[in-house]
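Residues 1 to 516 (the UniProt record's numbering) are what the sequence shown spells out, left to right. Only one structure is covered here, and it is reproduced in the block below.
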Amino acid sequence: MASKDKLSILYLDLARHPVATGDYAGEDIRFSTAFEVLERELGGAQAIFGEVNVDWLRIREGCEHILSNHSKDLRVASWLAWALYECESVIGLSAGLGLIHYLCKEHWLLFHPRKLRTRSASMQWLLLKLEKALGEDISITHQLPEFQQLLRQLDGLDEIFNLYLGSDAPLLLPLRRRLARMILRAEQVEKEPVKVVERVKQAAVQLFSSDSDIDNERDAQRTLSLQESTVRSLCRWWLKQKTTDPRAFRLGRSQVWYAVDSLPERNSEKITQLRRLPADKLSNYQERFEQGLYADLIVDIEASLAGSPFWFDGQRMVWSCLKALGGEAAMREVEVQFALLLNRVPDLVELRFHDGVPFADVETLQWIAAYILLPEVHVSNAHSSEIQNDVSEQSSLYQDVLPVLQKKGLKAAVRLVNDHLNGVEGGRERFFCKLCIARLCIDAKKYELAKVQLEYLDQELKIARLPVWEPTVFLDVSRLLYSCYERIALNDKAAARKELIYQRLCHYDLERFIDS
């Protein structure tokens, strides 16, 4: 019998059995010592500075004790359901909701508290927790049956609450709709089932039960292999629970790149023997990215990156998915770990797979230049600080507008920047606003529009004789403009401009663009 079935049966039995012979629900224990102890413990979950060491296992055991021996109480049942989620993840939550569903369906007139509004408030507490936990950053493709069961349970509870509580019923509809939408998306993506939890547990048992010493190279390799397998399973488990968990990106990249201290073998054209991901898989990833299936896509791309550590376009795609999900801490981990690798082996970005495809395409090089390895520019300290502030402001505006682009489209994003532009008086700030619009056009794959914007900005820099005094901005505009030329059909005039930009980059940024 599966562990999830055992858990559901265990807590369904707890709901079915009366607290005493002839007394199903027991007494109201609102003011009992056991109830107040749980309340104090749960107070840490609402602490002003975040959750403070809440012992969810202790709360789980305390709730079980009350429900078994003292009182069938909906408040305690709600606490138990959340404690089960904290301890057992989705299968625990399902078991807890199953207990609540049985209480409400079979013994509505008997269980505590008797006041209808207090019952509603008890479920509202749990609902607020679920709203935060079951967000769009949860990958459900690999645990689809569990989420389908959750949806059925929520549907059943919603029906019961509307029947008995009327206008006081907790509002489950938004959460039900979100889950239904996530499930529908996941059902459209074909996946092979992966029993990640079992693999994590097995690997953990092997790892922590082994206390043998390492006496030779063979032992060392065996231990290393076991550690790597454990890390992969653990990271996948973390991502399944929350795809913006920064631990998965920190640990996973450390494990994949820790041994990379030199360039792989390559020929004079910088072509290695390494193979890239199959074209159909890359196409599938791009299609799902455009559909906005970010959470499940992260799980699959991370698995591919573990086997293809030099597929740098995948690093950019994961970073973009995290940006769309608002996972800033995880984004920083991707940036930091990638920067450590490139600082250690800087020429990696220039290499190519066995078929000549670069490790990093033009868009990825642009991303690396903007977010991973900031260009080294020699300027005075005072002016450097001024530029840093301008770049920071520019990046902040771009970061604020990017979600609008992803949700509402280019027109809405440009309108927002233009609204900001109308309130700006300084020439430098206006320049950065226009540069932000050009970046948005590139993100929207409107390369012709971006080219027009960037050519104007490039001309503005030259007229003002700013390349010497604004080298960071000058290089940024040049890189973006060259990437646009790479992506569109060119007439003779545009081809000549592209050649000029290429020569400029070879002069100012030779190492990064020598293969362009």
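Note that CB positions come from ideal geometry on N, CA and C, so glycine has one too.
Distance CB(residue i)-CB(residue j) smaller than 9 Å
i           : j           : result
residue 113 : residue 155 : no
residue 274 : residue 308 : yes
residue 424 : residue 437 : no
residue 264 : residue 272 : yes
residue 62  : residue 82  : no
residue 360 : residue 246 : no
residue 7   : residue 67  : no
residue 179 : residue 244 : no
residue 414 : residue 373 : no
residue 289 : residue 315 : no
residue 150 : residue 128 : no
residue 91  : residue 27  : no
residue 487 : residue 505 : no
residue 319 : residue 334 : yes
residue 238 : residue 248 : yes
residue 443 : residue 402 : yes
residue 431 : residue 460 : yes
residue 397 : residue 433 : yes
residue 141 : residue 357 : no
residue 78  : residue 126 : yes
residue 11  : residue 107 : no
residue 70  : residue 19  : yes
residue 410 : residue 477 : no
residue 185 : residue 286 : no
residue 227 : residue 183 : no
residue 54  : residue 86  : yes
residue 255 : residue 235 : yes
residue 313 : residue 364 : yes
residue 266 : residue 355 : no
residue 30  : residue 75  : yes
residue 475 : residue 369 : yes
Residue i - DSSP class collapsed to helix/strand/coil
i           : result
residue 62  : helix
residue 210 : Unreliable placement is indicated for residue 210, whose pLDDT of 48 sits below 50; the coordinate value is still reported in the next sentence. In the structure shown, residue 210 sits in coil (DSSP, three-state: anything other than H, G, I, E or B).
residue 71  : strand
residue 360 : coil
residue 427 : helix
residue 377 : The predicted model places residue 377 with a pLDDT of 38, which falls under 50 and marks its position as unreliable; any figure quoted below should be read in that light. Here residue 377 sits in coil by DSSP.
residue 25  : coil
residue 488 : coil
residue 20  : strand
residue 272 : strand
residue 30  : coil
residue 505 : helix
residue 391 : Its pLDDT being 48, under 50, residue 391 is placed unreliably in this model, and the value from its coordinates should be taken loosely. The answer is helix: DSSP assigns residue 391 an H, G or I state.
The alpha helix (DSSP H) enclosing residue i, as first and last residue numbers
i           : result
residue 418 : 410-422
residue 248 : 246-257
residue 343 : 328-344
residue 318 : 312-325
residue 289 : 279-290
residue 294 : 294-307
residue 218 : 217-241
Cβ distance (whole Å) where residue i is taken to contact residue j below 8 Å
i           : j           : result
residue 170 : residue 123 : 4 Å
residue 348 : residue 270 : Their Cβ separation, rounded to whole angstroms, is 10 Å, which puts residue 348 and residue 270 out of contact at 8 Å.
residue 498 : residue 482 : 7 Å
residue 317 : residue 323 : Residue 317 to residue 323, Cβ: 11 Å. No contact.
residue 344 : residue 261 : 7 Å
residue 139 : residue 296 : 5 Å
residue 302 : residue 252 : 6 Å
residue 160 : residue 105 : 6 Å
residue 101 : residue 172 : The pair is not a contact, with the Cβ atoms about 12 Å apart (cut-off 8 Å).
residue 64  : residue 42  : Wrong, their Cβ atoms sit about 15 Å apart, outside the cutoff.
residue 103 : residue 111 : 5 Å
residue 484 : residue 447 : 5 Å
residue 165 : residue 116 : 6 Å
4 or more residues per run - each alpha helix (DSSP H) lying fully within the stretch 97-180: For the stretch 97-180, whole alpha helix (DSSP H) runs of length 4 or above, ordered along the chain, are 116-133 and 144-165.
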